[in-house]
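In what follows, a structure is listed as structure tokens, so that the remarks can point back to it.
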Amino acid sequence: MNHGDHHRRVFADDLHTGIRREADAAAGSAEYGEYMVRLAETVRAYDAFRARLGAMLDGRPAIVVRFGDHQPSFTASMTGRPPSDPMLYETFYTIEAVNCGLPQAVVAPPVLDVAYLSTLTLLAAGAPLDPVFATRAALLEAEPATYFDPDNRLKRRFHRALVEAGMIDLS
1 MNHGDHHRRV FADDLHTGIR READAAAGSA EYGEYMVRLA ETVRAYDAFR ARLGAMLDGR
61 PAIVVRFGDH QPSFTASMTG RPPSDPMLYE TFYTIEAVNC GLPQAVVAPP VLDVAYLSTL
121 TLLAAGAPLD PVFATRAALL EAEPATYFDP DNRLKRRFHR ALVEAGMIDL S
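For what it's worth, my numbering labels the leading residue of the sequence shown as 1, then goes sequentially.
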């Protein structure tokens, strides 16, 4: 919901006027005001989703993966960072257990390459892993912040094996 052009208002002007006004004043940016209104609506929508999910599950367990999007493009000028700065492309993620607990062995690393998110989700759900995901789980444990690393011999071998097995098409 919060992606895209923040020059354009997605919601009516009278929705979250206080949030929009405070954000505009704090940052001196109408784009930031629009961003904050969309963020408030994102929070509202997620809270409504979780309430419906709880009722739908009727006590059955589920795992919910939440992740965000990178910083909006207008924040580069606000922070003084160049648009290519990797910090502007970091985002949050969380894995939530609903009506259950996460396995104690599963640790959500503070920095996780998004390519590992599916593997971490399967681990959190306690699902059996096929050989590919089991290998990814081992690679995740060793170095969660970087999935593709041409200098890592084990990762190169793993990806070469996927190509040779026809699981990755390089054409």
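Beta carbons: idealized from backbone N, C-alpha and C, even for Gly.
Beta-carbon contacts of residue 102 that lie in its chain and below 6 angstroms, excluding the five residues immediately before and after: Along the sequence shown, one-based indexing puts residue 102 at 102. So the list reads 124, once near-sequence residues are dropped.
Closest by C-alpha distance to residue 88, when choosing among 163, 119, 78, 138: Along the sequence shown, one-based indexing puts residue 88 at 88. Of the candidates 163, 119, 78, 138, the one whose C-alpha sits nearest the C-alpha of residue 88 is 78.
Every unbroken beta strand (DSSP E) within the region 49-74, with a cutoff of 3 residues, ordered by chain: 62-67
Rounded straight-line distance, which links the Cα of residue 7 to that of residue 134: Residue 134 sits at position 134 when you count from the first residue of the sequence shown. Residue 7 sits at position 7 when you count from the first residue of the sequence shown. Cα-Cα distance, rounded: 45 angstroms.
Neighbour-count burial assignment, residue 72, 16 or more Cβ in a 10 Å radius: Locating residue 72 in the sequence shown gives position 72, counting from the first residue. So residue 72 ends up on the buried side.
Cβ neighbour criterion (16 or more within 10 Å) applied to residue 56: What you label residue 56 is simply residue 56 of the sequence shown in a count that begins at 1. Flag for residue 56 reads exposed.
Cβ pair count under 8 angstroms reaching 3, the region 22-35 against the region 51-69: no
Strand pairing of residue 46, partner residues [DSSP]: Mapped onto the sequence shown, residue 46 falls at position 46. None; residue 46 has no bridge partner.
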